[in-house]
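Residue numbers (our numbering): 32 to 519.
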């Protein structure tokens, strides 16, 4: 017999953050105290308690990790410092961990917000780390939090904190480990933890704006609420402005995904400056009024893409098939499909093996959607638009070339005619004979006789009926009387 030498298998690679990992977390919990506490009122269900919106709503939850996501100069830090000033003015403590600014910048902003200098000195704890989050740093931060019992902890920002720790933001595993190592333990001590983060850059896919830069685990790891801050009117020193706060996730269940929950209003203050070169400012969180109240996010760019996918399909498509044929993130495309179904642009049918298929009722276009940023008012809107099927000439939204070798650039413009604004298209055509710009739809165009006077796809189909020449009712058509498409 040949003796077999036993070899010890190599140790598994060390996890990025092997600590802490108490094995007791796998033991079952006794729920009786929680059940009894909830029933007799000694324990409250999780709710928003920090950051007043008007008089009856709040932003953050004690013991939970929340995040505020926004683009550059969106005012995220101003919003966070407003919450800090509110908390310390009520006699509570705040811990602000800052990787992006410095003590002078943050302190001056707090004083500009009207915070009491004594409150800032006594109740606002500022930490500016410039080294990785080591076991020694963890112990120092734990001692600080344990001794101060803060009501709010702010980390500005998540991206810079991860960079300082050597965390790859696109790695699900490393991002999850960072939350388990720093953010979650802070929240477990009792305060509301607010992470400030930068918004994903790909704004073409509008649903991607609900995510921060990097792994989607950033959003998944939030066990409180995630908000998106979008500037509506830019603000600066001495200049008023406002931004909206939209919920992109709420584990508490108070807000719907996509719901605009508050408005951040920034206005110059009339009070004397707190220091010689100060710029007093007031920041307020106010409930959303009017049409924006409770508004739900509609990914209009993807809605149009999904519409075009269904327009080009010969048979009804399942949700999976729609995601495979439409450019965009899967969840964002499915969200757009859901909105189209709810708004009656798309209808559903039972499919094979319990699946659901989708077919188009009528096409969706951003320019015809009053809730879209690119909405274009028709020349003569129909008082009662009716729904019609996809016109047979429409082929996915691409305008056919009228001559081979021509390059056309179509631009949406408006021209004031007789005191009224009328949208029209300017077609810049570069050909071998160097023809000049044609002004289409104004009545002054000179269209060569060998070319069609109205391309059926020159403007996207609207929700209304179509004229005999294929133009959407209310939009321009050179072959209809007055240049406006009229139903037959």
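Built from N, CA and C at the ideal position, the CB exists for glycine as well. Quick caveat, the model's predicted, so the values are computed rather than measured.
Residue interval of the beta strand (DSSP E) (run including residue 91): 88-91
For the structure I just gave you, are there three or more beta carbon pairs, one from the stretch 185-197 and one from the stretch 53-73, closer than 8 Å? no
(Q) Taking its Cβ as the centre, do 16 or more other Cβ atoms sit within 10 Å of residue 304, making it buried, or is it exposed? (A) exposed
Worksheet item: So does residue 389 have its beta carbon nearer than 8 Å to some heavy atom of the ligand FAD?
Response: This structure does not include the ligand FAD; it has no bound ligands of any sort.
Requested in this report: Check residue 179 in the structure and name its three-state DSSP category.
Outcome: helix
Exercise for review: Give the straight-line distance between the Cα atoms of residue 498 and residue 355, rounded to the nearest whole angstrom.
Suggested key: 34 Å
Report task. Decide if the stretch 326-342 is in contact with the stretch 156-164; the criterion is three or more beta carbon pairs, one per stretch, under 8 Å apart. Result -> no
Inset, instruction - Since I believe residue 253 is in contact with residue 97 (beta carbons under 8 Å), could you give me their beta-carbon distance rounded to a whole number of angstroms? - result: 6 Å
Per-residue burial, residue 69 [other beta carbons within 10 Å of its own, 16 or more giving buried] | exposed
Practice item. Quick one: measure Cβ to Cβ for residue 350 and residue 333, integer angstroms, because I've assumed they're closer than 8 Å. Key: Actually they are not in contact, since the Cβ atoms of residue 350 and residue 333 sit about 13 Å apart, beyond 8 Å.
Write down the C-beta distance between residue 379 and residue 387 rounded to the nearest angstrom, noting that I regard them as a contact closer than 8 Å.
5 Å
Checklist line | the stretch 137-156 / the stretch 109-118 touching (three or more Cβ pairs under 8 Å) | finding: yes
Determine the extent of the alpha helix (DSSP H) in which residue 220 is found, giving its start and end residues. From DSSP, residue 220 is part of no alpha helix (DSSP H); its letter is neither H nor E.
Point to revise | Own chain, CB closer than 6 Å to residue 176, minus 5 neighbours either side, in chain order | key: 220
(request) Throw me the rounded Cβ distance for the residue 376 and residue 392 pair, which I believe falls under 8 Å. (result) 6 Å
### Beta-carbon gap between residue 285 and residue 78 smaller than 9 Å
yes
Check your understanding: So, helix, strand or coil for residue 342, using DSSP?
Key -> helix
**Request:** Consult DSSP for residue 308 and reduce its assignment to one of helix, strand or coil.
**Result:** coil
Length at least 4, wholly inside the stretch 115-153: the alpha helix (DSSP H) runs in chain order: 134-143
ask   = According to DSSP, which residues form a beta bridge with residue 243?
value = 230
Notebook entry, point to check: What's the call for residue 57, buried or exposed, on a 16-neighbour Cβ count within 10 Å?
Noted result: exposed
Contiguous beta strand (DSSP E) assignments of at least 3 residues, all confined to the stretch 345-382
377-381
| field | Opening and closing residue of the alpha helix (DSSP H) in which residue 207 lies | value | 203-209
| field | residue 186 beta carbon less than 9 Å from that of residue 214 | value | yes
- Message: Using a Cβ distance threshold of 8 Å, determine whether the stretch 258-272 contacts the stretch 99-106, with at least three qualifying pairs required.
- Response: yes
- Using three-state DSSP, classify residue 73 as helix, strand or coil. coil
Hey, residue 251 and residue 95: beta-carbon distance below 9 Å or not?
-> no
Check your understanding: Distance, Cα to Cα, residue 294 vs residue 84?
Key -> 9 Å
Whole-angstrom distance between residue 335 and residue 367, CA atom to CA atom
9 Å
Inset, instruction - Kindly indicate the opening and closing residues of the alpha helix (DSSP H) around residue 282. - result: Careful: residue 282 lies outside any alpha helix (DSSP H) and carries neither H nor E.
query: From the DSSP output, which residues share a beta bridge with residue 273?
result: 264, 296
* Under the assumption that residue 203 contacts residue 246 (Cβ atoms under 8 Å), give the Cβ distance between them as a whole number of angstroms. => 5 Å
| task | Given a cut-off of 9 Å, decide if residue 109 and residue 337 are closer than it, judged by their beta-carbon atoms. | result | no
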